[in-house]
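Visitor: Numbering (my numbering), first residue to last: 1 to 600.
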Ligand code: GCB
């Protein structure tokens with residue numbers, strides 16, 4: 001008995017040690033689809049582990065009995081198969097509400113060309129991933145919505161290799177987001193997984209966009225990774241006859257600087273050019289657009305002309321499957337609706353969506369607001385939290401900074417002024433954001449605001465650090481109107497900055513028209529419709545208004561929405577129901593958007 005206890009104790013110590021020596025994931029290379037990929041999507045074997053005992057059993061070793069007296073109390077053989085990409089919650093009834101660990105396993109055959117390098121790249125895993133190759137931990141990643149990779153060139157073996165990923169979607173007070181958020185916590189390997197084969201020295205990353213305030217000058221760089229870093233590099237845009245030649249320095253960094261007369265990207269003309277980057281050992285192709293985005297007083301300018309942003313908020317969920325969205329066709333479903341509504345921009349909330357969304361939006365002429373999940377009750381003062389925020393922001397920017405469709409980085413949504421360290425953390429993060437990309441606008445949604453005597457007071461001085469004030473106001477829903485919508489007075493802390501109303505709206509159950517239409521508790525389409533009419537009336541007199549963005553496109557799953565008859569675990573603020581049916585408010589907003597013409 002005693003020996004058993006000692007063995008258990010030793011196992012625990014080994015386990016703690018094992019958990020603490022993980023290698024942090026490497027920043028992922030950009031433009032995965034432009035590379036030599038072998039997809040690891042498809043069926044993965046899985047072991048759900050709600051109690052977490054798999055750590056103690058060392059599931060990553062994928063052990064098999066060796067002799068007749070051996071037995072192993074887990075096995076991937078005969079275990080359920082899960083689709084990757086995809087959330088695990090909607091693939092097995094037992095996992096519907098799972099917040100815990102699921103172990104995933106996949107094998108592949110080593111076909112790496114001698115001299116080349118191999119990386120395993122994950123589009124995203126929610127929330128934590130520990131990745132093992134052939135029984136050894138190769139690294140870990142925290143954060144459910146950004147890509148990461150590990151180089152496995154030196155640890156590969158000949159023939160069959162086994163990957164085991166421990167995926168854990170437990171909420172954590174020091175997580176990002178923290179423990180409370182108004183969307184479904186879909187766990188799993190939710191985005192594509194690829195093996196990426198590269199040359200010994202390859203083009204790891206690049207930035208090719210217009211210089212701030214310019215409409216014809218490109219200023220950027222190309223970054224090489226490998227052991228032959230000082231190479232000749234060229235950047236070509238055949239359609240424009242551009243063949244810019246440059247030289248990478250000893251760190252593998254090459255400056256890119258050229259001008260041309262571009263056919264500028266805009267929602268009406270989402271022009272993208274084929275761009276070819278070549279080093280002496282590698283070539284990569286991308287489709288890149290060029291546009292300028294800046295503010296002038298209270299206006300936002302696109303290509304030098306004022307633009308009114310006609311937006312909609314979108315969660316990364318496919319309503320028809322009531323599951324996490326992950327594919328190009330999911331993106332098309334959601335973005336087609338945004339186009340039909342008359343939008344020229346989408347707010348991809350409240351975390352970086354999959355890359356298909358961002359790329360397709362750009363191709364369809366939708367400007368993108370990209371955001372990290374620094375949401376509401378983030379514990380800024382907890383050890384490590386600000387580092388994690390900053391890393392997540394860098395991961396998002398690194399993935400999307402060549403997408404000219406992305407015009408705005410949002411570093412947080414509705415954080416509270418009373419949370420310790422919040423102000424300093426957001427100021428620091430705004431600086432990190434500008435260091436990573438000085439060309440785009442940045443914003444945050446702050447929620448310490450007041451509405452009294454029909455006056456809306458946006459008072460947080462923190463907006464001074466941002467280009468755009470983003471305000472979530474729910475007049476007519478969480479805050480009843482205190483007068484006529486057109487008479488709402490505004491006090492804006494930054495009178496010289498543009499404001500986007502980044503959320504407004506209310507809930508309605510599709511098809512419900514019972515009860516008096518002036519009663520919120522009727523959950524009627526008419527009540528929601530009235531909110532939209534009133535809001536539009538108010539927009540007509542709102543100062544500094546550069547855009548509006550209702551909450552939101554489609555009803556989505558959120559377990560905190562507990563009214564059994566009206567919600568049943570769905571946030572019903574969609575303009576579309578969870579089956580894609582149009583509510584009355586849809587038509588009101590569409591008419592409003594169609595009536596606003598931008599002239600750029
Ligand atoms: C908000 C949040 C959003 C919520 C929404 C609501 O202010 O930013 O994430 O889901 O309100 O429905 O209450």
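All C-beta atoms, glycine included, are put in the ideal place defined by N, C-alpha and C.
Name the residue from 474, 520, 300 and 310 whose alpha carbon lies nearest to the alpha carbon of residue 441.
Guide: Here the question's residue 441 lines up with position 441 in the chain shown. For the residues 474, 520, 300 and 310, the minimum Cα distance to residue 441 belongs to 300.
Visitor: Going along the chain, which residues of its own chain have a beta-carbon closer than 8 angstroms to the beta-carbon of residue 229, five neighbours each way excluded?
Guide: On the chain shown, position 229 is the one that residue 229 refers to. Result list for residue 229: 201, 248, 249, 250, 251 and 252, in chain order.
Visitor: Please report the residue range of the beta strand (DSSP E) in which residue 370 lies.
Guide: Position 370 of the chain shown holds residue 370. Segment 367-371, the beta strand (DSSP E) holding residue 370.
Visitor: Answer yes or no: the CB of residue 558 versus the heavy atoms of the ligand GCB, is any distance below 8 angstroms?
Guide: Indexing the chain shown from 1 puts residue 558 at position 558. Answer for residue 558: yes, Cβ within range of the ligand GCB.
Visitor: DSSP state of residue 145, grouped into three classes?
Guide: Residue 145 sits at position 145 when you count from the first residue of the chain shown. The answer is coil: DSSP assigns residue 145 none of H, G, I, E or B.
Visitor: Whose C-alpha, out of 368, 528 and 408, is nearest the C-alpha of residue 477?
Guide: Along the chain shown, one-based indexing puts residue 477 at 477. Here the closest residue by C-alpha is 528.
Visitor: Can you check which of these residues, 279, 274, 176 and 306, is closest to residue 352 by C-alpha distance?
Guide: Here the question's residue 352 lines up with position 352 in the chain shown. Per the Cα distances, 176.
Visitor: For residue 493, name the three-state secondary structure that DSSP assigns.
Guide: Sequence index remark: in the chain shown, residue 493 carries index 493 (1-based). Coil at residue 493, not helix or strand.
Visitor: Judging by CA-CA distance, which residue of 371, 584 and 355 is the nearest neighbour of residue 34?
Guide: Translated into positions along the chain shown, residue 34 becomes position 34. Taking only the C-alpha atoms, the option nearest residue 34 is 355.
Visitor: Put residue 106 into one of helix, strand or coil per three-state DSSP.
Guide: For the purposes of this step, residue 106 is taken as the residue at position 106 of the chain shown. The answer is strand: DSSP assigns residue 106 an E or B state.
Visitor: What number of angstroms, rounded off, separates the C-alpha of residue 291 from the C-alpha of residue 241?
Guide: The count along the chain shown starts at 1 and reaches residue 291 at position 291. The count along the chain shown starts at 1 and reaches residue 241 at position 241. Whole-angstrom Cα-Cα distance: 19 angstroms.
Visitor: Is the beta carbon of residue 544 less than 9 angstroms from the beta carbon of residue 488?
Guide: For the purposes of this step, residue 544 is taken as residue 544 along the chain shown, with counting starting at 1. For the purposes of this step, residue 488 is taken as residue 488 along the chain shown, with counting starting at 1. The answer is no: Cβ separation not under 9 angstroms.
Visitor: Can you give me the Cβ contacts of residue 324 inside the same chain, cut-off strictly under 6 angstroms, excluding the 5 residues immediately before and after it?
Guide: In the chain shown, counting from the first residue as 1, residue 324 sits at position 324. Correct list, in chain order: 87, 186 and 190.
Visitor: Here's a check: name, in chain order, each residue in its chain whose Cβ is nearer than 6 angstroms to the Cβ of residue 609, leaving out the five neighbours to either side.
Guide: Since the first residue of the chain shown is 1 and the last is 600, residue 609 is not available in this structure.
Visitor: Following a CB-centred definition, is residue 343 positioned closer than 8 angstroms to any heavy atom of the ligand GCB?
Guide: Taking the chain shown and counting its residues from 1, one reaches residue 343 at position 343. False, no ligand heavy atom lies under 8 angstroms from that Cβ.
Visitor: Whole angstroms is fine: what's the gap from residue 403's alpha carbon to residue 40's?
Guide: Locating residue 403 in the chain shown gives position 403, where the first residue counts as 1. Locating residue 40 in the chain shown gives position 40, where the first residue counts as 1. Each residue's alpha carbon lies about 26 angstroms from the other.
Visitor: If you compare alpha carbons, which of 530, 270, 286 and 473 is closest to residue 518?
Guide: Position 518 of the chain shown, counting from 1, holds the residue named residue 518. Selected option, being the one with the closest Cα: 530.
Visitor: With a floor of 4 residues, list each alpha helix (DSSP H) that falls wholly inside the region 428-489, ordered by position along the chain.
Guide: Runs of the alpha helix (DSSP H) inside the region 428-489: none found.
Visitor: Buried or exposed: residue 208, going by 16 or more other Cβ atoms within 10 Å of its Cβ?
Guide: Counted from its first residue, the chain shown places residue 208 at position 208. So residue 208 ends up on the buried side.
Visitor: Please write down, chain order preserved, every residue whose beta carbon lies under 6 angstroms from a heavy atom of the ligand GCB.
Guide: In chain order, the hits are 182, 350, 413, 414, 472, 503, 551, 571 and 573.
Visitor: Are the beta-carbon atoms belonging to residue 439 and residue 470 less than 9 angstroms from one another?
Guide: Here residue 439 refers to the residue found at position 439 of the chain shown. Here residue 470 refers to the residue found at position 470 of the chain shown. Contact: no.
Visitor: Rounded to whole angstroms, what's the CA-CA distance from residue 257 to residue 360? Just pull it up for me.
Guide: As a working mapping, residue 257 is identified with position 257 in the chain shown. As a working mapping, residue 360 is identified with position 360 in the chain shown. So the alpha carbons of these two residues sit roughly 27 angstroms apart.
Visitor: For the region 193-231, which segments carrying the beta strand (DSSP E) assignment without a break, of at least 3 residues, lie completely within its bounds, in sequence order?
Guide: Fully enclosed beta strand (DSSP E) runs of 3 or longer: 193-198, 202-207 and 217-225.
Visitor: Can you name, in chain order, every residue of its own chain whose Cβ lies under 6 angstroms from the Cβ of residue 510, other than the five neighbours on each side?
Guide: Counted from its first residue, the chain shown places residue 510 at position 510. Taken in chain order, the residues that qualify are 577, 581 and 583.
Visitor: If residue 315 sits next to residue 556, beta carbons under 8 angstroms apart, how far is it from one beta carbon to the other, in whole angstroms?
Guide: Sequence index remark: in the chain shown, residue 315 carries index 315 (1-based). Sequence index remark: in the chain shown, residue 556 carries index 556 (1-based). With a Cβ gap of about 5 angstroms, residue 315 and residue 556 count as contacting.
Visitor: Smallest Cα separation from residue 464: which of 496, 472 and 598?
Guide: Taking the chain shown and counting its residues from 1, one reaches residue 464 at position 464. Considering only alpha carbons, the answer is 496.
Visitor: Over what stretch of residues does the alpha helix (DSSP H) that includes residue 548 continue unbroken?
Guide: Translated into the one-based positions of the chain shown, residue 548 becomes position 548. Where residue 548 is concerned, there is no enclosing alpha helix (DSSP H), although the beta strand (DSSP E) it sits in stretches over 545-548.
Visitor: Looking only at its chain, what residues have a beta carbon closer than 6 angstroms to the beta carbon of residue 306, apart from the 5 residues adjacent to it on each side?
Guide: Here residue 306 is taken as the residue at index 306 of the chain shown, counted from 1. 299, listed in sequence order.
Visitor: Helix or strand or just coil, what does DSSP make of residue 330?
Guide: Within the chain shown, numbered from 1, the residue matching residue 330 stands at position 330. Here residue 330 sits in helix by DSSP.
Visitor: Using a Cβ-Cβ cut-off of 8 angstroms (strictly less than) and excluding sequence neighbours within five positions of residue 566, which residues of its own chain qualify?
Guide: The count along the chain shown starts at 1 and reaches residue 566 at position 566. Within the same chain, residue 566 has close Cβ partners 507, 509, 512, 523 and 572.
Visitor: Which partner residues of residue 501 appear in the DSSP bridge assignment?
Guide: For the purposes of this step, residue 501 is taken as residue 501 along the chain shown, with counting starting at 1. Per DSSP, 471 and 548.
Visitor: Name the residue from 450, 501 and 503 whose alpha carbon lies nearest to the alpha carbon of residue 482.
Guide: Position 482 of the chain shown, counting from 1, holds the residue named residue 482. Looking at the Cα atoms, 450 is the closest of the given residues.
Visitor: By the three-class DSSP mapping on this structure, what secondary structure does residue 581 have?
Guide: As a position in the chain shown, residue 581 is number 581, starting the count at 1. Here residue 581 sits in coil by DSSP.
Visitor: Would you say residue 29 and residue 225 are within 9 angstroms of each other, going by their C-beta atoms?
Guide: Within the chain shown, residue 29 is the residue found at index 29, counting from 1. Within the chain shown, residue 225 is the residue found at index 225, counting from 1. Yes, the pair counts as a contact, with Cβ atoms nearer than the cut-off.
Visitor: If you run the structure through DSSP and keep just helix, strand and coil, what is residue 55?
Guide: Translated into positions along the chain shown, residue 55 becomes position 55. Here residue 55 sits in helix by DSSP.
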